[in-house]
Each structure stands twice: as C-alpha cells, then as structure tokens.
Amino acid sequence: MLDRTKDISVAAQAWLDEFAGALGNPEPAAALDLLFLPDSFWRDVLALSWNLQTLAGRRAIAQALAALASRAAPTHFEIAPNRAPPRWVTRAGTSNIEAIFNFETALGRGSGILRLVPDSTDGDRLKAWTLLTALDELKGFEEQLGTSRPRGQAYSRDFRGPNWLDQRNTSRDYADRDPAVLVVGGGQAGLAIAARLKQLKVDTLIVDREARIGDNWRKRYHALTLHNQVQVNHLPYMPFPANWPVYIPKDKLANWFEAYVDAMELNFWTGTEFEDGAYDEAKGRWTVTLRRADGDKRTMHPRHVVMATGVSGIANVPDIPTLDNFRGTLVHSSRYEDGENWTGKRAIVIGTGNSGHDIAQDLYSSGAEVTLVQRSPTLVTNIEPSAQLAYATYNEGTLEDNDLIATSMPTPLAKKTHVMLTEQSKELDRELLDGLSRVGFKLDFGEAGTGWQFKYLTRGGGYYFNVGCSNLIAEGAIKLRQFSDIESFVAEGVRMKDGTTIPADLIVLSTGYKPQEYLVRKLFGDGVADRVGPVWGLAKASSCATCMRARSSPACGSSPAASPSAGSTRNISRSRSRPSRKGFWGVRWIQGNTHVIPGRA
Numbered sequence: 001m002l003d004r005t006k007d008i009s010v011a012a013q014a015w016l017d018e019f020a021g022a023l024g025n026p027e028p029a030a031a032l033d034l035l036f037l038p039d040s041f042w043r044d045v046l047a048l049s050w051n052l053q054t055l056a057g058r059r060a061i062a063q064a065l066a067a068l069a070s071r072a073a074p075t076h077f078e079i080a081p082n083r084a085p086p087r088w089v090t091r092a093g094t095s096n097i098e099a100i101f102n103f104e105t106a107l108g109r110g111s112g113i114l115r116l117v118p119d120s121t122d123g124d125r126l127k128a129w130t131l132l133t134a135l136d137e138l139k140g141f142e143e144q145l146g147t148s149r150p151r152g153q154a155y156s157r158d159f160r161g162p163n164w165l166d167q168r169n170t171s172r173d174y175a176d177r178d179p180a181v182l183v184v185g186g187g188q189a190g191l192a193i194a195a196r197l198k199q200l201k202v203d204t205l206i207v208d209r210e211a212r213i214g215d216n217w218r219k220r221y222h223a224l225t226l227h228n229q230v231q232v233n234h235l236p237y238m239p240f241p242a243n244w245p246v247y248i249p250k251d252k253l254a255n256w257f258e259a260y261v262d263a264m265e266l267n268f269w270t271g272t273e274f275e276d277g278a279y280d281e282a283k284g285r286w287t288v289t290l291r292r293a294d295g296d297k298r299t300m301h302p303r304h305v306v307m308a309t310g311v312s313g314i315a316n317v318p319d320i321p322t323l324d325n326f327r328g329t330l331v332h333s334s335r336y337e338d339g340e341n342w343t344g345k346r347a348i349v350i351g352t353g354n355s356g357h358d359i360a361q362d363l364y365s366s367g368a369e370v371t372l373v374q375r376s377p378t379l380v381t382n383i384e385p386s387a388q389l390a391y392a393t394y395n396e397g398t399l400e401d402n403d404l405i406a407t408s409m410p411t412p413l414a415k416k417t418h419v420m421l422t423e424q425s426k427e428l429d430r431e432l433l434d435g436l437s438r439v440g441f442k443l444d445f446g447e448a449g450t451g452w453q454f455k456y457l458t459r460g461g462g463y464y465f466n467v468g469c470s471n472l473i474a475e476g477a478i479k480l481r482q483f484s485d486i487e488s489f490v491a492e493g494v495r496m497k498d499g500t501t502i503p504a505d506l507i508v509l510s511t512g513y514k515p516q517e518y519l520v521r522k523l524f525g526d527g528v529a530d531r532v533g534p535v536w537g538l539a540k541a542s543s544c545a546t547c548m549r550a551r552s553s554p555a556c557g558s559s560p561a562a563s564p565s566a567g568s569t570r571n572i573s574r575s576r577s578r579p580s581r582k583g584f585w586g587v588r589w590i591q592g593n594t595h596v597i598p599g600r601a
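Heads up, the sequence shown is in the UniProt record's numbering, so the first residue is 1 and it goes up one at a time.
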C-alpha cells in the first residue's frame, strides 16, 4: 500500500533514479516499460528527440526512449532544487505527485515535469502517468544572464572608441551586414523571440509596418483592454511591474512594448513592409525585399525568417450577397476606432466574437442604437471568474514553473481538464446563459464541451468574454437578430425575411481574420505556402499544426500569438538558434510558438 505520509520528494527522486538506470540498461525497453502506467504520456520538447512529440501508452513510450537513449545520453535526473517542490496535485481529475526535475544530455541541459500515480494492479507502486522532457539550453550557448551578463567594458573603458549609443545605432542600421534572423511583426510574439535570440548572441532584426512600436495595439478600438490577466502576459526578462492593473489597457501595453525594445536593445525597424521572400538552396539563405517608410527598398539575406504576425492578420471580409446595396458606412472590425461619431445613429454589428461584442457595447455606450447580428453559435463566459479558470495555475508559483506545467499537459488530458472547467463555468454563469437563451442567442461550448481555450487553439475565435455586453443583450438594450433571418441588404440597412427593415447608418463586419497561410501565400508564393500547409489548429503531436514541425523543404511560417506568457518561446529559441550553426539539427523546421521555418543550416 502507498504510504501518503512518506516524503514525496524521496519517492519522486527514487523514480528518477530508476528511470536513469533503465535508460542505461542493456535492455532499456523492458526496464522502462515497468516504470509507466498503461495509459501514460511522454511529451518531448527537443530534449531527447530533437523534435516536438507526444507519445501515448507505456509500450510506445518505452520503445521510443530506448531508441533515443544512447544518442541523447540523458543523465543527472534530479529534483530541481530551486523550483516548486514535489507535491500532491489534481490534474485532469486525477490525484498525482507532481515534481519538477532537471537533467542533462550530451549536448544540453533540460527540465521536466514528472507526475506519479499509484498503480493499483502492481501493489500501488508509483508509476509515471505523464512525463515531460524539455531542452532549456545547449552547452556552450547559454544565455547572457546573471553572472554571464555582458560586462559593458567595450563601451565604458575605451574613451576614444564609440560609446554605447554609437554602438546601438550602428547595430540597428545594418549598413554593412544582414541579420541572421529576420522577424516580421513587432507584437508580443515577435518581441519575445527576438529578446531570447538576443541573449544567445544571434543577430536579429524585427520589422513592422506600423509607424511606431506598439501601434498594433495602440491603433485598436478606443475602449480595448486585454481580456486575460496580467500574470499570463509577461515578456521574457522584464515582467510587468507588480502594481500594474489586472487587465492591461491597450495603450499602456503599447507603451510597454516601446520601452521593452529599448531596454532589451532589440533592433527594430518601424514603418517597414515585408514585400516578398525567396529561398536560395545553393547559398542557404533567404532573399527578402523590405520597403522602408520613405519608400526606399532594401534587399536582405537572412538565414532564418520568423513570421510573427499573429492570428489577426488579414481581415476576413466574406462575400455577402447584396451587401453592396448598403449606402451607409461599412467597416471591418479591424478598422473600427470608437463610437464617438455615432451618437444618436443606428448601427448593425455582424459577428458575435469578442470584437463584435466589444464594438456593440462601445457603440451603445456612445449613444448609438445597436443591433447585433449572430452568424453562428457562440461560446459566452463571464470574464470573471469563469474565463480565468483556465489560467488558475498562474495565480501561484513562479512564471517559469507555470509555463513548464502548461507545456507538460498532453492534449487528451488538457481536453479533459477543459471539459471540467467548461461545466464549472456553465454553472457559475447559469443566470447569464439562461437570459441569453431567452432572447434567442445561440450558445455553444466548444467541440465536445472543451470550452473557449480549445476554440482558440483550433480556430482562433468563436467565443466572448463577457464584460457587460451579454447583459445588455439579455436585457434587450442591444437588439439581437440572426443572420439566417436576413433576406437582403438594402440601401438603408437590412431587410429581414419577415418583411421588416432594420435601418442603419453604420455596419461593422466583425467577421474575424483569414487563416495565417493566406499571408504566407501572399508573401512567399504558392510553392512555399503549399509546403507549409495550414497554420493553426492541433496536430497529432499535441502541438499547433505546422507550428514547430519539421517540413519537407525550407519555408516560412507565421506566429499566431504569444501563449500565456511568452515563456513558451524559451525552449525553442534557445535550442534552435545556435545549433543550426553547428549542424546539430535538421535544416527545415518551424520553431517555437513564434513559428520559425528556417532555411538550410
């Protein structure tokens, strides 16, 4: 029988010792098979396989680990001394011992998560339910942090040479060199990956079409604040101040981006359009064309390209029959600014995602008469506490620990968790949901009830975090109509199938954005786009489709957004920048949550 009073750190370390011994066993597969539950999972983030993969079932796990052990040479499995200590937790409804550990391989150092569950068929012996192995750094290519930070002598001891500002200006200009990595897009994902690469001494340039750093947020609609909380939005090395609001206003975040670029010494060209790119197989580099704000064009030859353009790239303007009949103002939500000019006017908002609801509420608050048109069933959840349940682990412990825990959950268990959270949310929001149903709002709770997080992971939207608009709809203050009840658009508004007309001065199309592969095709052509394939959704390996996957040819991918905190770029950027110079890894990869598809190493 399992003694739950036993020191769980001792129990976790004992399993790690057995695991290390099994990896070195002459018959490793048989020895490893004894350490895992039948329904176990192993997730590897570059550490042993140089890939991102999730395996299910102890036989498959044992065989894969046995095949990789001699090459990767993993050793020194130890409970991490400066991380959260081993503890009993509940994950996906299962009580388990969760332990963070460190280890080494022939080429790097890593960290992982071990979850142990008693095996009732084997005398309650503790066996692995889930195991994560993640590569943190490569030996010889550590980040410039702490005692390894730059000393500053290059610009503080030579009084005749260029000072720090001179060197920064030269670095930004790229007058006589090309960057090793070109990052297209200066939002959170682009800044995070560039900051990581900076610490690895990889020459990186960010380009963004906006005139000012942070304008990708600054130019959005006037009332916008983030819908997730401050603790899940940190950037690497420079977390938000402890006195910042829980929900960050768009302009505050935009200004932080500007300060971050300066503090992290990131090379950033504003007002710069990426026009096209082609890969030169013979030279192992890209040829890209950039158009600067003054119209001048610059050709560069980076070895890698990162498309960090986010999920909100190219506006999706559907071909709606008769919409051309409308003679009022028609605008996509990406171009909407605020409701100030629509006081006393009539507005129709088509689409019931976050933007559609926020814009409808903004117009209503500005004194407009608003009708919201629903095109398809939508998941609605109150912003607090329901929408934040998915981030509960981030309310305690360190950001680094929580990022590792989030990375460690295989998709089947994550889905099970989110089904449970969705049911909890439905109970918490019962009064609101009932009110919406009474006025005809069509609700949906995600595929198989997996909730908003998996809606985001599979389609990038389809939900609303209620900050008040749903209450206005339920009360009838904002009118609701179904798109399927529209007969046609007319000069003065919308004619319904019942013969009535809804007059409008303004129609806002909150119809989302095109899939990211559209931008890849536009910038790189059909050949690259066809090889990259769909960007976003879930792949078999429990990862984003095309994100971080090996490709059959050099190409260029796109970044959906930074995941909760930008820490998830850490392993990928640390592990796949320097090794490409040494030939440690294959030549055709998409990297990180910021999806690099480099060329030949």
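Even for Gly, the Cβ is constructed at its ideal location relative to N, Cα and C. Here the structure is a predicted model, which is why all the values come from computation and not from measurement.
Q) Do you know offhand how far G462's Cα is from P412's? A) In a straight line, the C-alpha of G462 is about 21 Å away from that of P412.
Q. Grouping DSSP H, G and I as helix and E and B as strand, with all else coil, what is M409?
A. Note: M409 maps to coil in three-state DSSP.
Q: Could you check what DSSP says for I383 in three-state terms: helix, strand or coil?
A: Three-state DSSP puts I383 in coil, outside helix and strand.
Q. With DSSP run on the structure shown, which of helix, strand or coil describes D136?
A. Note: D136 maps to strand in three-state DSSP.
Q) Going by beta carbon distance, what residues of the same chain come within less than 8 Å of G440, once the five residues before and after it are set aside? A) Within the same chain, and ignoring the five residues on either side of G440 in sequence, the residues whose Cβ sits closer than 8 Å to its Cβ are L480 and Q482.
Q.
Closest to T511 by C-alpha separation, out of L235, V419, N354 and A387, would be which residue?
A. Closest by C-alpha distance to T511, out of L235, V419, N354 and A387, is N354.
Q) Which two residues bound the contiguous alpha helix (DSSP H) that contains G190? A) Segment Q188 to Q199, the alpha helix (DSSP H) holding G190.
Q) How long is the line joining the alpha carbons of P118 and D39, rounded to whole angstroms? A) P118 and D39: Cα-Cα distance of roughly 13 Å.
Q. Which stretch, first to last residue, makes up the alpha helix (DSSP H) that contains A254?
A. Counting along the chain, the alpha helix (DSSP H) containing A254 begins and ends at K250 to A263.
Q: Specify whether the region 250 to 265 and the region 177 to 191 touch according to this definition: at least 3 beta carbon pairs, one from each stretch, less than 8 Å apart.
A: Cβ pair count under 8 Å is three or more, so yes.
Q | Opening and closing residue of the beta strand (DSSP E) in which W42 lies | A | That run of the beta strand (DSSP E) goes F36 to V45.
Q | Buried or exposed (CB count within 10 angstroms, at least 16 for buried), P554 | A | With a pLDDT of 46 at P554, under the threshold of 50, the modelled position of that residue is not reliable, and the figure given next carries that caveat. So P554 ends up on the buried side.
Q) Taking just the CA atoms, how far does A14 sit from I8? A) Straight-line Cα distance between these residues: approximately 10 Å.
Q. What do you reckon, are the CB atoms on M300 and P179 nearer than 8 Å?
A. In contact: M300 and P179 (Cβ atoms closer than 8 Å).
Q. Going by other Cβ atoms of all chains shown within 10 Å of its Cβ, with 16 needed for buried, is L165 buried or exposed?
A. Exposed is the call here.
Q) With a CB to CB cut of under 7 Å and the five nearest residues on each side skipped, what residues in its chain are close to A69? A) Once the five neighbours on either side are set aside, the close Cβ partners of A69 are L23 and P28.
Q: Under 8 Å Cβ to Cβ from A448, same chain only, skipping five residues before and after it: list those, please.
A: K415 and V419, listed in sequence order.
Q: State the CB to CB distance for the pair P74 and F103, rounded to an integer number of angstroms; the pair is presumed to be in contact (CB under 8 Å).
A: Approximately 6 Å separates the beta-carbon atoms of P74 and F103; this is inside 8 Å, confirming the contact.
Q | According to DSSP, residues forming a beta bridge with residue 646 | A | This structure gives no information on residue 646, because the portion of the chain shown stretches from 1 to 601.
Q. Starting from G435 and walking both ways along the alpha helix (DSSP H), at which residues does that stretch end?
A. Note, G435: alpha helix (DSSP H), R430 to R438.
Q | Under 8 Å between C-beta atoms of Y174 and L197 | A | In this structure, Y174 keeps its C-beta atom at 8 Å or more from the C-beta atom of L197.
Q. Does the Cβ-Cβ distance between V181 and V202 come in under 8 Å?
A. Closer than 8 Å, so yes.
Q: Could you check the C-alpha separation between A254 and N267 for me, to the nearest Å?
A: Spanning the two alpha carbons is a distance of roughly 17 Å.
(Q) For N102, report the span of its beta strand (DSSP E) as first-last. (A) Unbroken beta strand (DSSP E) run through N102: T94 to E104.
(Q) What does the Cβ neighbour count give for G460, buried or exposed, with the cut at 16 atoms within 10 Å? (A) Answer is buried; the Cβ neighbour count reaches 16.
Q) In the structure shown, what three-state DSSP assignment does D530 receive? A) D530: helix per DSSP, three-state reduction.
Q) Can a CB atom of chain D be found closer than 8 Å to the CB of E427? A) Going by chain labels, chain D is absent from the structure shown, which holds only one protein chain.
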